[in-house]
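> Counting in numbering that gives the first Met the number 0, the sequence shown runs from 0 upward without gaps.
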Amino acid sequence: MVLSLALLGVVYALFLWVLWNVGVSFLGLVVIAGGLLLLQYYASDSLVLMSMGARVVDERQAPELHAMVARVAALADVPKPRVAVSPIGLPNAFATGRSPRHAVVCVTRGILDRLTDAELEAVLAHEITHVKNRDVMVITFVSFFATAASMIFQNGFWFMGGGFGGGFGGDRRRGNDNFALVWLVSLLVWVVSFFLIRAISRYREYAADRGSGILTGRPSDLMSALVKISDVARRIPDRDLRQVEALSAFFIVPAISRASIQELFSTHPSLEHRLARLRALESQLR
Numbered sequence: 000m001v002l003s004l005a006l007l008g009v010v011y012a013l014f015l016w017v018l019w020n021v022g023v024s025f026l027g028l029v030v031i032a033g034g035l036l037l038l039q040y041y042a043s044d045s046l047v048l049m050s051m052g053a054r055v056v057d058e059r060q061a062p063e064l065h066a067m068v069a070r071v072a073a074l075a076d077v078p079k080p081r082v083a084v085s086p087i088g089l090p091n092a093f094a095t096g097r098s099p100r101h102a103v104v105c106v107t108r109g110i111l112d113r114l115t116d117a118e119l120e121a122v123l124a125h126e127i128t129h130v131k132n133r134d135v136m137v138i139t140f141v142s143f144f145a146t147a148a149s150m151i152f153q154n155g156f157w158f159m160g161g162g163f164g165g166g167f168g169g170d171r172r173r174g175n176d177n178f179a180l181v182w183l184v185s186l187l188v189w190v191v192s193f194f195l196i197r198a199i200s201r202y203r204e205y206a207a208d209r210g211s212g213i214l215t216g217r218p219s220d221l222m223s224a225l226v227k228i229s230d231v232a233r234r235i236p237d238r239d240l241r242q243v244e245a246l247s248a249f250f251i252v253p254a255i256s257r258a259s260i261q262e263l264f265s266t267h268p269s270l271e272h273r274l275a276r277l278r279a280l281e282s283q284l285r
């Protein structure tokens, strides 16, 4: 994780160095990219819950679920998150929110119907570890310059006429050369950061799996839950999976169609790798 963050820092530093040396004034770009990320940071919980059709439930509506979340949150030494339930049949769970004090843990009706209490507690411990590790904040901030690079790449023609970047100055030929350089560098930064950010996300998943095993003392329960969730996901038609594929980064197991299952492009490690690490953790705990 540290290596991926360091490499991402180098990529972003080179990106800023190129922009500075060609004379790009990217204040407007920073404002727009920053605004989008701040919206994601502060409103991610509401946006994701709305996308999933989920609603926050109180203790009277889901007493057992609330008790389980409270118990795991106490073990993790974090404030008890809000609890939400989504009506979709796909078994999954996620946590979101900009900080432990503003977190929400959501489970789907599908996961409530299929997991045992011990397995569900392991899944909740995974999600609450995400809350404790402030993973939403981490991924939001490491995505900042990647978002800026993608905006330059996709809207680069604005720079030719001044646009938000303020132009490149100098004669027209030099300006065109600088534009081509910035456009190419933005493309490279966007592509490289795409893979590095997903690598960081996979390592955060490993950390959350480990946190679940340590909090519950039973990594085997999370292993069983992951196998059940993955088995059900394999039987769901691709069309139904694609409806929630955009939210896969939030899920404990990504909802991705068969054609896109490649770990290098995924925000989650493969099931085999996760199970192998959990088995190793179980041996250590024993």
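Glycine is no exception: its CB is placed at the ideal position from the N, C-alpha and C atoms.
Would DSSP call S45 helix, strand or coil?
Position 46 of the sequence shown, counted from the first residue, corresponds to residue 45. Note: S45 maps to helix in three-state DSSP.
> Under the three-state reduction of DSSP, which class applies to T115: helix, strand or coil?
Indexing the sequence shown from 1 puts residue 115 at position 116. It is coil, neither helix nor strand.
> What are the boundary residues of the beta strand (DSSP E) that F264 is part of?
Locating residue 264 in the sequence shown gives position 265, counting from the first residue. Careful: F264 lies outside any beta strand (DSSP E) and carries neither H nor E.
> Closer than 8 Å is the cut-off here; do at least three beta carbon pairs connect the stretch 191-207 with the stretch 106-113?
At 8 Å Cβ cutoff, the stretches do not touch.
> Give the single residue among A148, E204, S269 and S265 whose Cα lies nearest to the Cα of V10.
Sequence index remark: in the sequence shown, residue 10 carries index 11 (1-based). For the residues A148, E204, S269 and S265, the minimum Cα distance to V10 belongs to A148.
> Can you give me the Cβ contacts of V38 inside the same chain, cut-off strictly under 8 Å, excluding the 5 residues immediately before and after it?
Within the sequence shown, the letter at position 39 stands for residue 38. It is worth fixing the name first, because residue 38 is Leu in this sequence and not Val. Excluding residues within five positions, none has a Cβ falling inside 8 Å.
> From which residue to which residue does the alpha helix (DSSP H) around S17 run?
Position 18 of the sequence shown, counted from the start, is the residue given in the question as residue 17. First, the residue type needs correcting, since residue 17 is Val and not Ser in the sequence shown. V17 -> alpha helix (DSSP H) spans V1 to N20.
> Which residue from R278, S211, D220 and A206 puts its Cα closest to that of A267?
The residue you call residue 267 lines up with position 268 of the sequence shown. Sequence check: residue 267 is His here, not Ala. Nearest option by C-alpha distance: A206.
> Can you tell me where the alpha helix (DSSP H) with V68 in it begins and where it stops?
Along the sequence shown, read from residue 1 onward, the residue named residue 68 stands at position 69. Unbroken alpha helix (DSSP H) run through V68: P62 to A75.
> Does DSSP classify A275 as helix, strand or coil?
Residue mapping note: residue 275 aligns to position 276 of the sequence shown, counting from 1. Helix, per DSSP.
> What span of residues does the beta strand (DSSP E) with S85 cover, start to end?
What you label residue 85 is simply residue 86 of the sequence shown in a count that begins at 1. That run of the beta strand (DSSP E) goes R81 to S85.
> Give a yes or no on whether the C-beta atoms belonging to S211 and A124 are separated by under 8 Å.
One-based indexing of the sequence shown puts residue 211 at position 212. One-based indexing of the sequence shown puts residue 124 at position 125. Their beta carbons are under 8 Å apart, which means S211 touches A124 by this criterion.
> If we ignore side chains and look at the alpha-carbon of each, how far apart do V47 and V122 end up?
Stepping through the sequence shown from its first residue, residue 47 is reached at position 48. Stepping through the sequence shown from its first residue, residue 122 is reached at position 123. The alpha-carbon atoms of V47 and V122 are separated by roughly 18 Å.
> My guess is that S192 and L7 are in contact by the Cβ rule of under 8 Å, so how many angstroms apart are they, rounded?
Residue 192 sits at position 193 when you count from the first residue of the sequence shown. Residue 7 sits at position 8 when you count from the first residue of the sequence shown. 6 Å between Cβ atoms; contact.
> Quick one, which of L180, K131 and A69 has its alpha-carbon nearest F152's?
Walking along the sequence shown from the start, residue 152 turns up at place 153. Of the listed residues, the one whose Cα sits closest to F152 is L180.
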